[in-house]
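Undergrad: Sharing a structure, written as structure tokens. Questions coming.
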Amino acid sequence: MKNLFKWMRILFFLILFIVSYQFITAYMKENAILKEVIGRLEADSRVAQVLVTEVRFDEESKKILTTIKFLEFDTQGKPLEPKYFTFSGNIIQFQSLVIRFDDIKIRQGDKLRGKSAYLFMNAFMLDGKNTQVFEITKANEVPSGYKTEKGHSLFEKKLWQDFWQYALNPDTAKKMGIKNAQIEAPGTIFIPGTLYTIKIEHDGGLRIDAEPLPQILKGERIE
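Here the sequence shown is numbered in the numbering used here, starting from 384 and rising by one per residue.
Written out as structure tokens, the structure is:
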């Protein structure tokens with residue numbers, strides 16, 4: 384009888400251990416998934432960088448001209464061909480189309496809809512009748528940053544071709560898993576000695592972060 388009781392106790396603690404282990408394992412797995420979901424929602428990706436390469440006084444217009452280097456990155460983080468724009472001022476904006484997808488797509492890390500999509504249309508500076516606008520992406524063209532994603536090109540092309548339908552027709556947007564589509568124009572004042580990074584928030588829009596250039600680059604002529 385004592386042996387039976389002993390084995391029953393051993394069996395009880397063994398079952399308790401197994402149940403506890405399964406519970407702890409499940410909890411840790413759920414916690415890891417939750418952290419990953421939160422990470423996706425809070426994450427952002429670098430999509431472009433901007434640098435002032437030259438500031439000079441123009442004798443003819445009597446204005447200070449600011450030249451910026453606009454370097455966009457593809458979806459793999461590789462730099463594309465840089466573009467240079469010269470403005471008669473330094474408060475510059477980037478007109479962009481931004482498509483936000485449903486949060487569930489971001490939480491799941493959907494391959495095509497796992498973060499907001501963007502398209503840089505123009506770089507511009509408002510100055511009344513002297514407003515300056517430089518084209519970055521041609522109308523109805525797949526954004527340069529997405530062109531390397533071979534399997535995504537048709538999906539991306541449809542996104543931008545039907546952009547206004549998604550912006551104005553909620554039913555059409557919902558079928559594509561789109562929360563909303565709108566124009567954004569993040570901008571700031573651009574000065575030498577500062578590196579500007581444009582980021583896309585996975586569950587939001589575009590923003591510009593600024594930081595001083597590394598000390599090693601200060602005083603060097605940037606080509």
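Using N, Cα and C, we set each Cβ at its ideal position, and we do this for glycine too.
No experiment lies behind these values; they were computed from the predicted model shown.
Between the Cα of L434 and those of K445, W547 and T449, spot the shortest distance and give me the residue it belongs to.
TA: Indexing the sequence shown from 1 puts residue 434 at position 51. Closest option to L434, Cα to Cα, is T449.
Undergrad: Within the 8 Å Cβ cut-off, does D485 reach chain B?
TA: Absent from the structure is chain B; it holds one protein chain and no more.
Undergrad: For W543 and L463, which I take to be in contact (beta-carbon distance under 8 Å), what is that distance rounded to the nearest angstrom?
TA: On the sequence shown, residue 543 is found 160 positions in, with the first residue counted as 1. On the sequence shown, residue 463 is found 80 positions in, with the first residue counted as 1. Actually they are not in contact, since the Cβ atoms of W543 and L463 sit about 17 Å apart, beyond 8 Å.
Undergrad: Based on Cα-Cα distance, which residue from P569, E584, S444 and S428 lies nearest to F503?
TA: The sequence position of residue 503 within the sequence shown is 120, counting from 1. When each option's Cα is compared against that of F503, the closest is P569.
Undergrad: P575 to E594, Cα distance in whole Å?
TA: As a working note, residue 575 is residue 192 in the sequence shown. As a working note, residue 594 is residue 211 in the sequence shown. Pairing P575 with E594, the inter-Cα distance amounts to about 11 Å.
Undergrad: Looking only at its own chain, which residues have a Cβ that is under 6 Å from the Cβ of I447, when we skip the five neighbours before and after it?
TA: Counting from 1 along the sequence shown, the entry for residue 447 is found at position 64. Result list for I447: F440, in chain order.
Undergrad: Here's the rule I'm using: 16 or more other beta-carbon atoms within 10 Å means buried, otherwise exposed. How should I398 be labelled?
TA: As a first step, residue 398 is located in the sequence shown; it is residue number 15 there, counting from the start. So I398 counts as exposed.
Undergrad: Please name the residue, chosen from F573, I591, G587 and I572, that lies closest to I581 on a Cα-to-Cα basis.
TA: Sequence index remark: in the sequence shown, residue 581 carries index 198 (1-based). Measuring from the Cα of I581, the nearest candidate turns out to be I591.
Undergrad: Roughly how many whole angstroms lie between the Cα atoms of E443 and L578?
TA: Start at 1 with the first residue of the sequence shown, and residue 443 comes out as number 60. Start at 1 with the first residue of the sequence shown, and residue 578 comes out as number 195. Distance between the alpha carbons of E443 and L578 is about 29 Å.
Undergrad: How is G576 classed by DSSP in three states: helix, strand or coil?
TA: As a working mapping, residue 576 is identified with position 193 in the sequence shown. Correct three-state label for G576: coil.
Undergrad: Look up E419 in the DSSP assignment and say whether it is helix, strand or coil.
TA: Working through the sequence shown from its first residue, we reach residue 419 at position 36. Confidence at E419 is low in this model, with a pLDDT of 42, below 50, so its placement is unreliable and no value can be given for it.
Undergrad: Jot down the residue ranges of each uninterrupted beta strand (DSSP E) in the region 544-589, minimum 3 residues, whole runs only, in chain order.
TA: 561-567, 570-572 and 577-584
Undergrad: Classify I474 as helix, strand or coil using the three-state DSSP reduction.
TA: For the purposes of this step, residue 474 is taken as residue 91 along the sequence shown, with counting starting at 1. Here I474 sits in strand by DSSP.
Undergrad: Are the CB atoms of S471 and Q515 within a distance shorter than 8 Å?
TA: For the purposes of this step, residue 515 is taken as the residue at position 132 of the sequence shown. For the purposes of this step, residue 471 is taken as the residue at position 88 of the sequence shown. Yes, the Cβ-Cβ distance between Q515 and S471 is below 8 Å.
Undergrad: What whole-angstrom Cβ distance do R483 and G587 have, given they're in contact under 8 Å?
TA: Position 100 of the sequence shown holds residue 483. Position 204 of the sequence shown holds residue 587. Right, the Cβ-Cβ distance comes to about 7 Å (below 8 Å), so this counts as a contact.
Undergrad: With the cut-off set at 8 Å, would you say K466 and I519 are in Cβ contact?
TA: Locating residue 466 in the sequence shown gives position 83, counting from the first residue. Locating residue 519 in the sequence shown gives position 136, counting from the first residue. In contact: K466 and I519 (Cβ atoms closer than 8 Å).
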